[in-house]
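Written below as structure tokens is the structure these notes are about.
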Amino acid sequence: MKIEPDYIQELVKLVTDNDLTELSLEEGDKAIIIKKEKGVVSHNAVAPQHTAHVVNMPVAQKEELPTVQKEALPVSGVKRHNITSPMVGTFYRASSPDAEPFTDIGKTLREGQVVCIIEAMKLMNEIESDVAGRVVEILVKDGEPVEYGQVLIVVE
72 MKIEPDYIQE
82 LVKLVTDNDL
92 TELSLEEGDK
102 AIIIKKEKGV
112 VSHNAVAPQH
122 TAHVVNMPVA
132 QKEELPTVQK
142 EALPVSGVKR
152 HNITSPMVGT
162 FYRASSPDAE
172 PFTDIGKTLR
182 EGQVVCIIEA
192 MKLMNEIESD
202 VAGRVVEILV
212 KDGEPVEYGQ
222 VLIVVE
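Take my numbering: the last position of the sequence shown gets the number 227, and nothing is skipped along the way.
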């Protein structure tokens with residue numbers, strides 16, 4: 072059985088395109104299980120992977136990328152919360168180079184709102200806010216590589 076990123080991506084596309092809820096492949100001691108719940112496609116190949124929303128969109132060219140907002144809003148004594156990267160990949164503030172960013176400094180977020188995209192293995196993974204609040208800092212530049220657990224956005 073192939074356990075290669077392109078093969079897994081093809082299986083995820085098969086599940087998505089055919090409105091399947093689950094696809095399981097087993098061969099010897101290897102298994103691939105893809106489950107779709109509430110519009111989320113997750114995939115496991117031998118070792119568990121992170122759950123991700125699959126979004127097909129063009130990837131921005133590095134030379135066209137806007138710069139990160141470096142100013143931060145003043146601290147108001149309210150508790151701050153960090154939105155971190157759930158995976159290693161490339162950070163994007165918008166769904167395409169021409170689109171408006173998902174959020175900006177000073178904007179109010181609601182819980183579950185998409186705040187950015189992390190591209191990993193040619194899949195676009197929407198990252199949602201796990202809290203409601205106001206964006207006070209965006210710590211990553213558009214198109215910049217990010218690590219698992221890296222702070223992306225600070226919310227108060």
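Using N, Cα and C, we set each Cβ at its ideal position, and we do this for glycine too.
- Burial check for glycine 183: the Cβ neighbour count within 10 Å stays below 16, so the residue is exposed.
- If you draw a 10 Å sphere on the C-beta of tyrosine 163, you find 16 or more other C-beta atoms in it, and that means buried.
- In the three-state DSSP reduction, threonine 87 falls in the helix class (H, G or I).
- If you draw a straight line from the Cα of leucine 210 to the Cα of isoleucine 224, it is about 6 Å long.
- Here the C-alpha atom of leucine 85 lies approximately 19 Å from the C-alpha atom of glutamate 98.
- Take valine 159, set aside five residues on each side of it, and the residues of its chain with a beta-carbon closer than 8 Å to its own are Ala191, Pro216, Val217, Glu218, Tyr219, in chain order.
- A distance below 8 Å between beta-carbons, with the five flanking residues on each side excluded, links isoleucine 198 to the following residues of its chain, in chain order: Ile154, Ser156, Pro157, Val185, Val186, Cys187, Ile188, Ile189, Leu223.
- With contacts defined by Cβ atoms closer than 7 Å, leucine 94 and isoleucine 105 form a contacting pair.
- Taken through DSSP and simplified to helix, strand or coil, isoleucine 209 comes out as strand.
- Tyrosine 78 carries a helical assignment under DSSP once its states are collapsed to helix, strand and coil.
- With respect to the 7 Å criterion, lysine 178 and valine 206 are classified as neighbours on the basis of their beta carbons.
- Linking aspartate 169 to aspartate 100 through their CA atoms gives a straight-line distance of about 45 Å.
- DSSP, reduced to helix, strand and coil, places threonine 155 within a strand of the structure shown.
- Collapsing the DSSP output to three states places glycine 183 in coil.
- Taking a C-beta distance under 7 Å as the contact criterion, serine 200 and leucine 180 qualify as a contact pair.
- Of the other Cβ atoms in all chains shown, 16 or more fall within 10 Å of the Cβ of asparagine 196; this residue is therefore buried.
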